[in-house]
């Protein structure tokens, strides 16, 4: 079974620029999550999709972050414009949606904003 | 809402010694509990999970954890660690619905020869 694919692995941008991350979940996984992991901290949920609908985006900074999951499969997370404090690893995860069976995480995208 | 506290930011231990990584949680509803491991420049890998039933849960790589509802704890243990166990360990909690995982701040396990 293929895992959760994310790209790019690394990205360096200047502040005020825009950036996009891509995630391809495990086939058949209805639920997709984007987490932000700042250095030295645990991952924090940004947004949760169930198929192509948003379940929870309460911690997504909507003035600069946006995400979509077209057709309930792939997802894109965008930051525009980026700030220095957005430097972090962005992790995508997916699950069947069955409660409590845990997620499968991708390797993440490490974003550095300079 | 749930929250997780990992009391130790770093735990140094010698190879072949036992280790315990502490995790306490807070929740007003029933929970599921998880331990994840993160090796450098990699994503999170599930070590073990508690959903229901036996409070002693065994996971991969020789790790186990015990759910203690009265103490709201889910400590991770291994009787004998290896150098390769050096990594960041995260405790996480979720409600028993389609709810998000809430992570602790992590404990860095440093195993030395």
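Chains as they are written, first to last, in this note's numbering: chain A, 54 to 167; chain B, 284 to 396.
Note that beta-carbon positions come from the ideal geometry of N, C-alpha and C, so glycine has one too.
- Listed as beta-bridge partners of residue 295/B by DSSP are 393/B.
- Contact of residue 388/B with chain A by beta-carbon distance below 9 Å involves 93, 94 and 95.
- In terms of Cβ geometry, residue 159/A and residue 59/A form a close pair [threshold 7 Å].
- Rounded to whole angstroms, the gap between the alpha carbons of residue 157/A and residue 374/B is 15 Å.
- For the 7 Å CB-CB criterion, residue 166/A and residue 66/A form a contact.
- Residue 297/B counts as exposed, since fewer than 16 other C-beta atoms from the protein chains shown sit within 10 angstroms of its C-beta.
- Scanning chain A for C-beta atoms nearer than 9 Å to the C-beta of residue 346/B yields nothing, as the closest lies near 15 Å away.
- Secondary structure at residue 387/B: coil, using DSSP grouped into helix, strand and coil.
- Looking at the backbone, the Cα of residue 355/B and that of residue 393/B are separated by about 26 Å.
- For the beta strand (DSSP E) assignment, the uninterrupted runs of no fewer than 3 residues enclosed by the region 287 to 371 of chain B are, from N- to C-terminal side, 293 to 297, 302 to 304, 307 to 309, 314 to 321, 327 to 333, 339 to 341, 347 to 351 and 356 to 361.
- Between the C-alpha atoms of residue 120/A and residue 131/A there is a straight-line separation of about 6 Å.
- Distance from the Cα of residue 161/A is smallest, within the candidate group 88/A, 82/A and 93/A, for 88/A.
- Take the alpha-carbon of residue 97/A and the one of residue 128/A: they are about 18 Å apart.
- In the DSSP assignment, residue 164/A falls within the unbroken beta strand (DSSP E) covering 162 to 166.
- Rounded to the nearest angstrom, the Cβ distance from residue 164/A to residue 140/A is 6 Å, consistent with a contact under 8 Å.
- Assigned with DSSP and collapsed to three states, residue 139/A falls in helix.
- Shown here, residue 99/A sits in a strand according to DSSP, grouped into three states.
- Going by beta carbons, residue 303/B and residue 365/B fall outside the 7 Å limit.
- As the crow flies, the alpha-carbon of residue 332/B is around 17 Å from that of residue 309/B.
- For residue 344/B, there are no CB contacts under 6 Å within the same chain when 5 residues up- and downstream are skipped.
- Residue nearest to residue 62/A within the set 68/A, 74/A, 56/A and 55/A is 74/A (criterion: CA-CA distance).
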